[in-house]
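Encoded as structure tokens, the structure appears first; notes follow it.
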Amino acid sequence: MSPTPPARRLRLGLPRRVFSQVLLMQVAIAAGVAVLVTGLFLAPLSQQLDDQAMRRALAIAQTTAALPQLAEDLSSTRASVDGPVQAEAERIRKASGAEYVVVMNMDGIRWSHPDPKQIGSVVSTDPRQALAGQEIMQIDNGTLGRSARGKVPLRDAAGKIVGAVSVGIEYNSVRARLIQAIPGLLAYAGAALAIGSLVAYLISRRVQRQTRGLAFSDIASLLVEREAMLHGIREGVVALDRAGRVRLLNDEAQRLLGIGEEAVGRTLDEALGEGRTTDVLAGRVTGTDLLTVRGRRVLVANRMPTDDGGAVATLRDRTELEQLGRELDSTRGLIDALRAQDHEHANRMHTLLGLLELEMYDDAVEFVGEVVGDHRATAEQVTEKIHDPLLAAVLVGKASVAAERGVTLSLAERTLLPDRLIDPRGLVTMVGNLVDNALDAVAGTPHARVEVELRAEGRAAVLRVCDTGPGVPVEQRELVFADGWSTKKPPAHGKRGIGLSLVRRLAERQGGSARVTEADGGGAEFIVVLPEALTEPGLAAQTPAHPLLVPGSRGDSGDPLTSGRTRERDAVREPEAAAATEEES
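According to this note's numbering, the sequence shown is numbered sequentially starting from 22.
Written out as structure tokens, the structure is:
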């Protein structure tokens, strides 16, 4: 036989759901308030009824003592059941509904009482205060039980005290009035409790909708998990309220945006300042996977509105991915150029082979000299005017790519840049982006041409890149520098609209500027000015040594992109030798 499963123990306690707990607590509070209010009302009501009963007894006693005949009868007759004092007292008792009306002389002897047997005996309570001329109200016990009493002195026509009148109201009648008031009071309390319970139910239903039926323990667990998740993920999260103020900022968002916890409670304009990043997070720029630049980082932002009128924005760091994408684009361009060079090189080799087979040796030598000379002239022209090896290398490489795309890339006559750059890598980035954009703009057009000018003006460096393309309309000359703005088709790896934005940011970071105008004869002309780009003459440039492949020296194979490794050393040393010669002269 299978073992009998253990009986489940009944667990008593509060329900787990928020709705049930809130409803139970609010009903308990409403019931407690109703009971408390009822008790607070009954306590003064009992005292008030006692006071009313005592005042009524006192009023009856005062009215009775005011009868002039009563004092005369007390003084002229003896205490008896059939005496005039007993008859008058009984008439007043029955007419007023009092429990008793007792008339006594100065010795405290009763002249009247509801119980005839008590007539002629001494009263059970102390009458001295009333016989001394004071009016008394009290609740006390007597021969007829507990009663509310009023005692007044009895005076004759001359004002002399000849006795006292004591009137009692049955205390059970006072208690009965209190008991009679309780049902009505409880009815009001019950109605108030019912209304409070209904309101509590409605509030609990609203709480249930807002908490989606979760238990308090579930909510606490969600809060703990949310904190762990928000501060553990490698994606920035920014939560905004309906007024656009930051109400949540995780660690990654602080790192990506370069702000701290002090931004919480402030608007985006106050925390981040004006710019595309602020516009994207605030929802003034709509779309998905919006690209923006913050500092040196390329960010991808998405914004999702919330039911309460706020929003949650997520940020991803795409800097490395964008760099990899750009390198991929460059690699593809190089592969295409190499493919074309391979085809051209094969044609040249076939031509050279034919000349040799035909024993036209002089023509073969002349053909090789022309091919090598063209490429060497290009490299020599660059290295003569651009003394920084990084810039010289990138321009020679761009010249080769331009030639394969059918574009003429040339240096302006005024180009002359010494090897004193403080940040050559930044200038390389600017030159590469501007030349790439210019090549894209003129590719496929007749007589395509791109001109680059790099010159020094004191410690300032001026970069100018102009092309023969369609140019930039006046109304778009500021938009081209905005993050994510581009007229080109996006590449396979992601977004465009970053290159020109980085150019302007790099220029502004060095205290310079970047702008675009119309070139002479049409096309676009981009001008970048870096006021503190060069060191003082005579100081060594802070450029680390880098191995470069610069064509244009001995051992050239004739391919501008894969020219002989032996030319690297000569191309790097050539500007240094020229500078040394100038110093000696």
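Beta carbons are placed, not taken as given, at the ideal position from N, Cα and C, and that holds for glycine.
Predicted, not measured: the structure shown is a model, and the values here were computed from it.
Worksheet item: For Val537, which residues does DSSP report across the bridge?
Response: The sequence position of residue 537 within the sequence shown is 516, counting from 1. Per DSSP, Phe547.
Worksheet item: Okay, do the region 440-453 and the region 539-557 touch, 3+ Cβ pairs below 8 Å being the bar?
Response: The region 440-453 vs the region 539-557: in contact.
Practice prompt. Using only alpha-carbon positions, find the residue among Thr556, Cys487 and Val456 that is nearest to Gly544.
Written response: As a working note, residue 544 is residue 523 in the sequence shown. Selected option, being the one with the closest Cα: Cys487.
Practice prompt. Taking only the alpha-carbon atoms, compute the straight-line gap between Leu437 and Ser522 and give it to the nearest angstrom.
Written response: For the purposes of this step, residue 437 is identified with residue 416 of the sequence shown, where counting begins at 1. For the purposes of this step, residue 522 is identified with residue 501 of the sequence shown, where counting begins at 1. Spanning the two alpha carbons is a distance of roughly 26 Å.
Worksheet item: Relative to the alpha-carbon of Phe502, which residue among Ala535, Arg470 and Leu484 has its alpha-carbon at the smallest distance?
Response: Position 481 of the sequence shown, counting from 1, holds the residue named residue 502. Nearest of Ala535, Arg470 and Leu484 to Phe502, Cα basis: Ala535.
Worksheet item: Just curious, the beta strand (DSSP E) that Gln159 is in, first and last residue?
Response: As a first step, residue 159 must be located in the sequence shown, where it is residue number 138. Per DSSP, Gln159 belongs to the beta strand (DSSP E) from Ile157 to Gly163.
Discussion item. The alpha helix (DSSP H) that contains Pro451, what's its start and end?
Written reply: Indexing the sequence shown from 1 puts residue 451 at position 430. Per the sequence shown, the amino acid found at residue 451 is Met instead of Pro. From DSSP, the alpha helix (DSSP H) with Met451 extends over Pro445 to Val463.
Worksheet item: Is the region 109-118 in contact with the region 154-172, if contact means three or more CB pairs nearer than 8 Å?
Response: Taking 8 Å as the limit for Cβ pairs, the verdict is that the region 154-172 does not touch the region 109-118.
Practice prompt. Find the nearest neighbour of Leu277 within the set Asp310, Glu295, Gly286 and Arg315, judged by alpha-carbon distance.
Written response: Reading the sequence shown from its first residue, position 256 is the one you call residue 277. Nearest of Asp310, Glu295, Gly286 and Arg315 to Leu277, Cα basis: Arg315.
Worksheet item: Within this structure, are the beta carbons of Val428 and Leu455 separated by less than 7 Å?
Response: For this step, residue 428 is matched to residue 407 along the sequence shown. For this step, residue 455 is matched to residue 434 along the sequence shown. Taking 7 Å as the Cβ cut-off, Val428 and Leu455 do not qualify as a contacting pair.
Discussion item. Cutting at 6 Å between CB atoms, please list the residues of its own chain near Gln497, excluding the five before and the five after it.
Written reply: Within the sequence shown, the letter at position 476 stands for residue 497. Contacts found: none.
Discussion item. Using 8 Å as the cut-off, can you tell me whether the region 256-265 makes contact with the region 333-341, which would need three or more C-beta pairs spanning the two stretches below that distance?
Written reply: yes
Item to complete: Mind checking which residues open and close the alpha helix (DSSP H) that includes Ala332?
Response: For the purposes of this step, residue 332 is taken as residue 311 along the sequence shown, with counting starting at 1. Where Ala332 is concerned, there is no enclosing alpha helix (DSSP H), although the beta strand (DSSP E) it sits in stretches over Ala332 to Asp338.
Worksheet item: Expressed to the nearest angstrom, what Euclidean distance is found between the alpha-carbon atoms of Asp161 and Gln150?
Response: For the purposes of this step, residue 161 is taken as residue 140 along the sequence shown, with counting starting at 1. For the purposes of this step, residue 150 is taken as residue 129 along the sequence shown, with counting starting at 1. One C-alpha to the other measures close to 15 Å.
Practice prompt. Could you check the C-alpha separation between Leu527 and Arg317 for me, to the nearest Å?
Written response: Working through the sequence shown from its first residue, we reach residue 527 at position 506. Working through the sequence shown from its first residue, we reach residue 317 at position 296. The straight-line gap from Cα to Cα measures roughly 9 Å.
Item to complete: With DSSP as the reference, label Val58 as helix, strand or coil.
Response: For the purposes of this step, residue 58 is identified with residue 37 of the sequence shown, where counting begins at 1. It is helical.
Worksheet item: Are Leu95 and Glu109 closer than 7 Å when you measure CB to CB?
Response: Within the sequence shown, residue 95 is the residue found at index 74, counting from 1. Within the sequence shown, residue 109 is the residue found at index 88, counting from 1. No, Cβ-Cβ distance for Leu95 and Glu109 is not below 7 Å.
Worksheet item: Can you list, in chain order, the residues of its chain whose CB lies under 6 Å from that of Arg17, leaving out five sequence neighbours each side?
Response: Because the chain here runs from 22 to 606, residue 17 falls outside it and cannot be looked at.
Item to complete: Quick one: grab the DSSP three-state call for Thr85.
Response: Along the sequence shown, read from residue 1 onward, the residue named residue 85 stands at position 64. Here Thr85 sits in helix by DSSP.
Discussion item. Check for me: the alpha helix (DSSP H) holding Ala433 runs from which residue to which?
Written reply: Within the sequence shown, residue 433 is the residue found at index 412, counting from 1. Where Ala433 is concerned, there is no enclosing alpha helix (DSSP H), given that its DSSP letter is neither H nor E.
Practice prompt. Please state whether DSSP places Met127 in a helix, a strand or coil.
Written response: Locating residue 127 in the sequence shown gives position 106, counting from the first residue. Secondary structure at Met127: coil, using DSSP grouped into helix, strand and coil.
Worksheet entry | Nearest to Arg446 (by Cα), restricted to the options Arg170, Ser421 and Gln531 | Taking the first residue of the sequence shown as position 1, residue 446 is located at position 425. Nearest of Arg170, Ser421 and Gln531 to Arg446, Cα basis: Gln531.
Item to complete: To the nearest angstrom, report how far apart Gly375 and Thr556 are at their CA atoms.
Response: Within the sequence shown, numbered from 1, the residue matching residue 375 stands at position 354. Within the sequence shown, numbered from 1, the residue matching residue 556 stands at position 535. Those two C-alpha atoms are separated by around 54 Å.
Fill in: Close-in-space but distant-in-sequence residues of the same chain around Ala210 (CB under 8 Å, 5 per side omitted)
Counting from one through the sequence shown, the residue named residue 210 turns up at place 189. Ala55, Val56, Val58 and Thr59, listed in sequence order.
Fill in: Helix, strand or coil at Asp328 [DSSP, three-state]
As a working mapping, residue 328 is identified with position 307 in the sequence shown. Note: Asp328 maps to coil in three-state DSSP.
Worksheet item: By a C-beta neighbour count over all protein chains shown, 10 Å radius and 16 as the cutoff for buried, is Asp300 buried or exposed?
Response: Taking the sequence shown and counting its residues from 1, one reaches residue 300 at position 279. By the neighbour-count rule (16 or more Cβ atoms within 10 Å), Asp300 is buried.
Fill in: C-alpha distance - Val245 paired with Leu251, whole-angstrom precision
Within the sequence shown, numbered from 1, the residue matching residue 245 stands at position 224. Within the sequence shown, numbered from 1, the residue matching residue 251 stands at position 230. When rounded, the distance between both Cα atoms is 10 Å.
Discussion item. Taking only three categories from DSSP, how would you classify Thr587?
Written reply: Here residue 587 refers to the residue found at position 566 when the sequence shown is read from its first residue. Because the pLDDT at Thr587 is just 33, under 50, the model does not fix this residue reliably, and the point stays unresolved.
Discussion item. Quick check: what's the CA-CA separation for Leu302 versus Glu283?
Written reply: As a first step, residue 302 is located in the sequence shown; it is residue number 281 there, counting from the start. As a first step, residue 283 is located in the sequence shown; it is residue number 262 there, counting from the start. When rounded, the distance between both Cα atoms is 18 Å.
Worksheet item: Expressed to the nearest angstrom, what Euclidean distance is found between the alpha-carbon atoms of Thr146 and Gln73?
Response: The sequence position of residue 146 within the sequence shown is 125, counting from 1. The sequence position of residue 73 within the sequence shown is 52, counting from 1. Their backbone Cα atoms lie some 21 Å apart in a straight line.
Discussion item. Which of the three DSSP states is assigned to Pro174 in this structure?
Written reply: Residue numbering aside, residue 174 sits at position 153 when the sequence shown is read from its first letter. Pro174 sits in a strand when the DSSP states are folded into three classes.
Worksheet item: Who are Pro472's beta bridge partners in DSSP?
Response: In the sequence shown, counting from the first residue as 1, residue 472 sits at position 451. Contrary to the premise, residue 472 reads as Glu rather than Pro in this sequence. According to DSSP, which records beta bridges pairwise, Glu472 is partnered with Ser431 and Cys487.
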